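Asks: Chains as they are written, first to last, in full-length UniProt numbering: chain A, 1 to 401; chain B, 1 to 401; chain C, 1 to 401; chain D, 1 to 401. First the structure, which I've put down as structure tokens, then a few questions once you've had a look.
There are 4 protein chains.
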Amino acid sequence: MDYVYAPGRNHLFVPGPVNIPEPVIRAMNRNNEDYRSPAVPALTKTLLEDVKKIFKTTTGTPFLIPTTGTGAWESALTNTLSPGDRIVSFLIGQFSLLWIDQQQRLNFNVDVIESEWGQGANLDILASKLAADTAHTIKAICIVHNETATGVTNNLATVRKILDHYRHPALFLVDGVSSICALDFRMDEWGVDVALTGSQKALSLPTGMGIVCASPKALEASKSAKSVRVFFDWNDYLKFYKLGTFWPYTPSIQLLYGLRAALDLIFEEGLENVIERHSRLGKATRLAVEAWGLKNCTQKEEWFSDTVTAVVVPPYIDSSEIVRRAWKRYNLSLGLGLNKVAGKVFRIGHLGNLNELQLLGCLAGVEMILKDVGYPVKLGSGVAAACAYLQNNIPLIPSRI
Amino acid sequence: MDYVYAPGRNHLFVPGPVNIPEPVIRAMNRNNEDYRSPAVPALTKTLLEDVKKIFKTTTGTPFLIPTTGTGAWESALTNTLSPGDRIVSFLIGQFSLLWIDQQQRLNFNVDVIESEWGQGANLDILASKLAADTAHTIKAICIVHNETATGVTNNLATVRKILDHYRHPALFLVDGVSSICALDFRMDEWGVDVALTGSQKALSLPTGMGIVCASPKALEASKSAKSVRVFFDWNDYLKFYKLGTFWPYTPSIQLLYGLRAALDLIFEEGLENVIERHSRLGKATRLAVEAWGLKNCTQKEEWFSDTVTAVVVPPYIDSSEIVRRAWKRYNLSLGLGLNKVAGKVFRIGHLGNLNELQLLGCLAGVEMILKDVGYPVKLGSGVAAACAYLQNNIPLIPSRI
Amino acid sequence: MDYVYAPGRNHLFVPGPVNIPEPVIRAMNRNNEDYRSPAVPALTKTLLEDVKKIFKTTTGTPFLIPTTGTGAWESALTNTLSPGDRIVSFLIGQFSLLWIDQQQRLNFNVDVIESEWGQGANLDILASKLAADTAHTIKAICIVHNETATGVTNNLATVRKILDHYRHPALFLVDGVSSICALDFRMDEWGVDVALTGSQKALSLPTGMGIVCASPKALEASKSAKSVRVFFDWNDYLKFYKLGTFWPYTPSIQLLYGLRAALDLIFEEGLENVIERHSRLGKATRLAVEAWGLKNCTQKEEWFSDTVTAVVVPPYIDSSEIVRRAWKRYNLSLGLGLNKVAGKVFRIGHLGNLNELQLLGCLAGVEMILKDVGYPVKLGSGVAAACAYLQNNIPLIPSRI
Amino acid sequence: MDYVYAPGRNHLFVPGPVNIPEPVIRAMNRNNEDYRSPAVPALTKTLLEDVKKIFKTTTGTPFLIPTTGTGAWESALTNTLSPGDRIVSFLIGQFSLLWIDQQQRLNFNVDVIESEWGQGANLDILASKLAADTAHTIKAICIVHNETATGVTNNLATVRKILDHYRHPALFLVDGVSSICALDFRMDEWGVDVALTGSQKALSLPTGMGIVCASPKALEASKSAKSVRVFFDWNDYLKFYKLGTFWPYTPSIQLLYGLRAALDLIFEEGLENVIERHSRLGKATRLAVEAWGLKNCTQKEEWFSDTVTAVVVPPYIDSSEIVRRAWKRYNLSLGLGLNKVAGKVFRIGHLGNLNELQLLGCLAGVEMILKDVGYPVKLGSGVAAACAYLQNNIPLIPSRI
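This is the structure in structure tokens:
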């Protein structure tokens, strides 16, 4: 059943799906259950309450949908918008591109603001568009918080400021797939109307649950949104929320228990500590890249991502060969460069249930691979740079003090 | 984490989700993996090939969609039909009703043929509609192979015969959620155009995978179908099938390995033996119901279901109380009566990875509950009737001869 | 890896190893750990404290030894006795016989009191031996609380009364392998000096942990006991107990976490409720046997065992054929007749994490097998008798009320 | 249940228990089974056959004993020797010391050859003792192949040569606990009479199985050995081997399936490749130690161990603080210095199912800890030295070429 066995652990450093912690694997190691018994609603109730904490919302309404991030996108859009609606969307990498493609296929009128890959969303253009839109034809702003393809984090607080500045009523829809539970994200404070993530990212679960959270304004919008939807219709969920049975169709019992365990671990570590840890992992990775003499695909520090780093390779190297070699020789899984940056970057995912020594093993591996493919790296240089920073910054593990 | 612990095994006899066999639980007990490595496509390829066998098709194209049965329905409809299309659909119970509701919300023009709950699809009316439809305005026939709410199995071979008789080109769309892998189902022979099931039914996996299989005619129809779809769009899958990477978005690694294990078990037992086993379990259950002096919700033998039996209780008993009591006192999970038959029937699911002694434990439990709620059952009577049949019909376990 | 796959659950009704509850399987589903870190001693401390509760002792000292019941026997004997010591031992079935064999091979002077298989220990002879032993040459009384081969439970309270009556100082050593955690057992109240069990019996864990509990008097005896021992030496444990690290050699991390989960489940159910449940299961089984017209191997009601029932078959039937057939046709695991009762009895184990409907499934299976092998059983008769009793006696599941 | 949770994987680098590979954890994730059914003997048969391959013996007889390494020692000694027998034993570290302690408590006449800790067995003294022993009073040579406390590997081929040179008939008993399945070990070629290991070492299983392999000469010796033994008696096993049922008492079903999976992985990788991998891991570790400017506890290259490296810290550092800090700050488990070298060395275990990037993560961690405790290490130096070697020597993973 394991077609490609290799000794020792697989070093999983793609930016999702990420490593599942053992307690979560254990929690999911179970038979099915009748989801109409009193047990499953009781469990679900705690999940719906607690999942709001990772969005930092008290007023939002969460939906735990048996789908992927792509489905979560569709849920966010179809429940709040009608065909023909004008929306502003930022194209900054492969995942924002895919979302835009979906928006277009769902028949919205997408006003695309494009940036060079490696740059963040151009918020100046957003500002001018909003300024010009006194008629409020723009119904929604769609933005990826963290573009997984390039390792670029957008500034959502600024988006909110701009919206407020122009008193623009557009909905604020955020793809938090590779950010929520890892980067600082504040749904209520930033006035986000729909935020979403996928179970296999920073929550460190298997794929299969799209988690969508809607503000009261988004719920209100859903009442008049004309996009056709059934499977993704929030209304079907809301009906069962009222009944206290919660599920319009069969949920994955295993993912529910897994989510319970995942949330418990996050709260035990403390969400702020989780975000701090990602900050350390991101910083350490970037220091290593710098020490190797390589460039970060992300062009400015303000956009640096703490969940994924896209490393630019010299023109004489094919980054796909690095990814292939990582897997074939070192049991290391790195992320490919996608689309425009295919062959030009490889990606190190550093999100989810991950610690510093795991990352250092990965960085040491990358150094050897760079040497393998003919890049004149000084072995140990990246690890040394990362360690110098980490040794000063890793806290004691609270439960072990 | 187990809010409602009770000693011993839970006796899971709802008609889905069903018991997961230990080898499948084991296969799924694993960390995430990079789905872009060569391993996952290699695995996927075997799954797509082998899953066709449970549909009995060689010409069909399967899709393993991260969704539930409801999503699989939506996939079947939106990929083959356009808004306004006239379709004929049979209303015979809660699940066909829900599918029809979806069909209407997706803006098809649904021509509903209703039967009393407990009866099968009225194929005479279908015949007259097809006869009248010389202009071929009917674009599709939608039918639930096995109505889970009433325990009614429709005769698909006859549907095909009628279609052929009138040389009607309508697509033939089948919900096989509670039939495929348990009842005799022949996609190619019966000329089914789209068939679908869910992982948590007879395949005995967790919820989370909708399995949809499309005939060449259905694939052809998808090229001109105008229903808006993105997440459920077959075309996105077909693009990646061509590339050999198979996945337009992240699949559940665990469900892929689980499906591999589930198929291996089914093939080890032999699909025909699996169907035979369900036939034995269904027959044994019906004999018990008869011995208890109770009526089967299914009104005629031709519609008897081998995967679920809906038992009608006397008017002075509330069937919900039976289900509640089963869970509260006997750690037995039975199916509620739904909608029109709420309070009037309870359901015994007997599908998936289940054997005769498990069923007999359930039947003994039902007898005690019937007594609990004041029905004058003769204890042991149902078990005796079931045993008399089973003792003559259970084969030796092939691997143990 | 599963050489002999059969669909559905295996019905495990041997009197050990028994079914492991899912929460325990989950708790054991883990990687190794450094047992010298602070975590493992912290866990061990809770185990040593809590395991005393299942022995009903506050003064005893428990040892969790990486061994089986046979090793636990050896630990009990070699730590308290010296070669040549006279001990009284009761031969009433295969397991008492094996223990006596061990006692003889360890060079004790074993004074065997034999009973017919199916009878309990002859305590009258014990009384006369103690009466005669004014010189206190008898150093220990060794008795199996529940003889697993014949389903005979001895009366330990009476043994204590006799010892007290004669003010005899002999040590009181008890094999509680198939009793502790299932039958009423009171170490302190009955003045038991060493009691022992194995993890795979009523505790419902995998095999691999012998649990031995020593009274202060037994610990005192261990200081002068001359039997050679190293692996089984309590003193090595006591040294590490004082250090607070607990382990003289490497324990199974998995079994420690498993034991934690198993104890948690037992305390959640309530030890008295666990014992009550076994009483119900035992009684129901005996009523079925009676209804079948078969005899219990146990000759008197006072010895009836609530953890295992040995059923006598008519002379024209080979009981081994029943066991073989159970496994080959019904995926049911029954216990063979051993030694003197080989071919004459088969055994139904009804201990550990087991509920009533599981047992009823087994009983229905036995009825069919009896018919298979030519015994004129009335199908349903045993199940009916068991149900009639159970339906009046099963309590509501406390967590579900 | 996880008292001391920390995010990410625990980095387990004690020299046992070691990391269990996922496929083995999966294989063990199962309910109990009746060990008297035909399935368990069928499985056991394959295990007994295949386990011989890891000892490199065709003539040996293996025993899979539900015990630890300490129990395996006792089994080796008591089955082959009689009280009072003169045996030669080498004291070179904590584990050889513990074995000698056991030998003395089992009443053998132990002729101890002591070396400084950090040196190997003094084979010159062995030679002179054998030369002098023309009367063959020496009944056995007991030697630890790899002393886990100091990281010293003894030369067993030379022991055999010396024995042969003096044509001495003494039995050759080898503790292979931290060598077998990781270091080159050749039972037949080296004329080893009893070799043993524990499941939690290089086999990468949980603790709980002592694996002992006896040569025909050892089996012969067992017939006249007078040491008292019951639980550890080979004869009880041999009786059941003849019957084909294999087990004198209940085995751990989970460990049997686990061993099957562990052997399958070892054979898939290839035993010689496994040994090569350990050689790489050992060499890389030693290069790092050297680069750090620290000394290996092992005094000469000929004794360097490829499974564990004991690193000597400067006198102003307490090595226990390094181990504590590793666990408290970095979720890294290192081995303590034991007994004579307590506080003076810490140990890096590099055995079992482990790959190079895992080791590099550990080495990076050790560098940070060294800095933490005030040792002036150059960060990255050890990793660089290890990488320089590894990058030249790691082969492609065969299954992925």
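Positions of the beta carbon are idealized from the N, C-alpha and C atoms, including for glycine. Treat the numbers as computed from the prediction; the structure is a model and nothing was measured.
Mind listing the chain B neighbours of D/Arg26? Cutoff is C-beta to C-beta under 8 Å, in chain order.
Replies: Correct list: Arg26, Ala27, Asn29, Arg30.
Asks: Mind pulling the alpha helix (DSSP H) runs of 4 or more residues that sit fully within the stretch 208-249 of chain C?
Replies: Listed in chain order, they are 216-224, 234-243.
Asks: Which value, in whole angstroms, describes the spacing of the CA atoms of A/Phe35 and D/Thr197?
Replies: A quick correction: the sequence has Tyr, not Phe, at residue 35 of chain A. Looking at the two C-alpha atoms, the distance is approximately 47 Å.
Asks: Are the C-beta of C/Arg280 and some C-beta of chain B separated by less than 8 Å?
Replies: It does not: the Cβ of C/Arg280 has no partner Cβ on chain B nearer than 8 Å.
Asks: Using a C-beta to C-beta distance shorter than 9 Å, which residues of chain D count as neighbours of A/Arg277?
Replies: The answer, in chain order, is Pro7, Gly8.
Asks: So with CB distances below 7 Å, who are the chain A contacts of C/Glu22?
Replies: Under the 7 Å cutoff, chain A gives Arg30, Asn31.
Asks: Residues of chain B with CB under 9 Å from C/Tyr35, in chain order?
Replies: The contacting residues do not exist; C/Tyr35 stays about 24 Å from chain B at best.
Asks: Check whether the Cβ of D/Arg105 lies closer than 8 Å to any Cβ atom in chain C.
Replies: Closer than 8 Å: yes.
Asks: Rounded to whole angstroms, what's the CA-CA distance from B/Glu147 to B/Ser178? Just pull it up for me.
Replies: Going from the Cα of B/Glu147 to the Cα of B/Ser178 covers about 8 Å.
Asks: Please report the Cβ distance between A/Ser333 and A/Ala326, rounded to the nearest whole angstrom; I am assuming they are in contact, meaning their Cβ atoms lie under 8 Å.
Replies: At roughly 7 Å, the Cβ-Cβ gap stays under 8 Å, so A/Ser333 and A/Ala326 are in contact.
Asks: Taking Cβ to Cβ, would you say B/Thr285 is nearer than 8 Å to B/Ile369?
Replies: Not closer than 8 Å, so no.
Asks: Quick check: is the beta carbon of A/Gly71 nearer than 8 Å to any beta carbon in chain B?
Replies: Output row for A/Gly71: interface = yes.
Asks: The ligand SAH and C/Ser89: does the residue's C-beta get closer than 7 Å to at least one heavy atom of that ligand?
Replies: Ligands in the displayed structure: none, and consequently the ligand SAH is not present.
Asks: Residues of chain D with CB under 9 Å from A/Trp327, in chain order?
Replies: Ile397, Arg400, listed in chain order.
Asks: What's the gap between the Cα of D/Ala214 and the Cα of D/Gly258?
Replies: Approximately 23 Å between the Cα atoms of the pair.
Asks: Would you call the CB atoms of D/Leu281 and D/Tyr389 closer than 8 Å?
Replies: No, these two residues do not count as a Cβ contact at 8 Å.
Asks: Run through chain D and tell me which residues come within less than 7 Å of C/Glu74, C-beta to C-beta.
Replies: Those are Val230, Phe231, listed as they occur along chain D.
Asks: Out of A/Leu351, A/Thr298, A/Pro376, which has the shortest C-alpha to C-alpha gap to A/Ile92?
Replies: Of A/Leu351, A/Thr298, A/Pro376, the residue nearest in Cα terms is A/Thr298.
Asks: May I ask you to report which of helix, strand or coil DSSP gives A/Gly365?
Replies: Helix.
Asks: What's the call for C/Phe13, buried or exposed, on a 16-neighbour Cβ count within 10 Å?
Replies: Flag for C/Phe13 reads buried.
Asks: Spatial neighbours of A/Lys283 within its chain, please: C-beta separation below 7 Å, excluding the five flanking residues on both sides.
Replies: Cβ neighbours of A/Lys283 beyond the five flanking positions: Tyr389.
Asks: Per DSSP, B/Val345 is paired with what?
Replies: Beta-bridge pairing links B/Val345 to B/Val312.
Asks: Just checking: is the beta-carbon of A/Gly293 within a distance shorter than 8 Å of some beta-carbon in chain B?
Replies: Not closer than 8 Å to any Cβ of chain B, the Cβ of A/Gly293 fails to qualify, so no.
Asks: Anything in chain A within Cβ reach of D/His11, meaning under 7 Å, just list it in chain order.
Replies: Under the 7 Å cutoff, chain A gives Leu357.
Asks: What do you get for C/Phe63, buried or exposed, if any count of 16 or more other CB atoms within 10 angstroms of its CB means buried?
Replies: Classification for C/Phe63: buried.
Asks: With a cut-off of 8 Å, does the C-beta of D/Val4 fall near any C-beta of chain A?
Replies: Closer than 8 Å: yes.
Asks: Quick check: what's the CA-CA separation for D/Gly374 versus C/Ala42?
Replies: Whole-angstrom Cα-Cα distance: 30 Å.
Asks: Taking 8 Å as the CB-CB cut-off, is D/Cys387 touching chain A?
Replies: Interface residue, yes.
Asks: At the 8 Å Cβ level, is A/Asn19 part of the contact set with chain B, yes or no?
Replies: Output row for A/Asn19: interface = yes.
Asks: Closer than 8 Å by C-beta to B/Pro83: which residues in its own chain qualify, once you throw out the five before and the five after it? Chain order, please.
Replies: Closer than 8 Å at Cβ, skipping near neighbours: Leu106, Asn107, Phe108, Lys226, Ser227.
Asks: CB-CB under 6 Å to B/Asp372, same chain, minus the five flanking residues each way: which ones, in chain order?
Replies: Correct list, in chain order: Arg325.
Asks: With H, G and I counted as helix, E and B as strand and the rest as coil, what does DSSP make of B/Ile180?
Replies: Reduced to three states, the DSSP call for B/Ile180 is strand.
Asks: At what residues does the alpha helix (DSSP H) containing D/Asn273 begin and finish?
Replies: Counting along the chain, the alpha helix (DSSP H) containing D/Asn273 begins and ends at 271-291.
Asks: Between the stretch 264-273 of chain B and the stretch 117-125 of chain B, can you find at least three pairs of beta-carbon atoms closer than 8 Å?
Replies: The stretch 117-125 of chain B is not in contact with the stretch 264-273 of chain B.
Asks: On a Cα-Cα basis, can you pick out the residue from A/Val311, A/Asn331, A/Thr67, A/Leu183 that is closest to A/Thr207?
Replies: Ranking the options by Cα distance to A/Thr207, first place goes to A/Thr67.
Asks: If you measure from the beta carbon of B/Asn109 to each beta carbon in chain C, is any gap under 8 Å?
Replies: So no, B/Asn109 is outside the interface.
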